[in-house]
Amino acid sequence: MMMRKINSAISKASNKAVDELISEYKALIEDAEALIEATEGHVDDAIKTVRSKALKTLAATKESIANFEGVVIDKAKSAAKDTDNFVHRNPWESVGVAAGLGLIVGLFIRGR
């Protein structure tokens, strides 16, 4: 039961970090799109060329982020499932690992 809670906490922390990273990239893309839209009225050929290239790059980036998000979610689910299986097969080793990690973290905290 304890290991299941630890596994859940680790999985939630990993998912939170990935979610934050993806949301930051999405915000960056939105800002870039707003900047590109602000230059829409300019008639200069150089600006039109840069706008066109930037729009293509943003479209490709959006697609890459969507693919990355799916892959990360699949890997996180797989890792959580593998960890859960390991804990069920090896409960005492899991308790030992958790205790060792707790000891290491405690030593680092105490050292400060």
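Start counting the sequence shown at 1; every next residue gets the next number (full-length UniProt numbering).
Even for Gly, the Cβ is constructed at its ideal location relative to N, Cα and C.
Rounded to the nearest whole angstrom, the C-alpha separation of V105 and A98 is 11 angstroms.
Remark: fewer than three beta-carbon pairs, one from each stretch, lie closer than 8 angstroms, so the stretch 32-47 and the stretch 82-94 are not flagged as touching. Annotation: the continuous alpha helix (DSSP H) that includes G96 extends over P91 to G111. By the beta-carbon neighbour count (other beta carbons within 10 angstroms, threshold 16), S23 is exposed. In the pairwise beta carbon analysis, the stretch 53-69 is classified as touching the stretch 31-40: at least three pairs are separated by under 8 angstroms. With a threshold of 16 other beta carbon atoms within 10 Å, V71 falls short and is exposed. Shown here for Y25: same chain residues with a beta carbon closer than 7 angstroms to its own, the five before and five after excluded, namely I65 in chain order.
Rounded to the nearest angstrom, the gap between the Cα atoms of G102 and A17 is 21 angstroms. With distances taken between CA atoms, L58 lies nearest to E37 out of A76, G41, P91 and E37.
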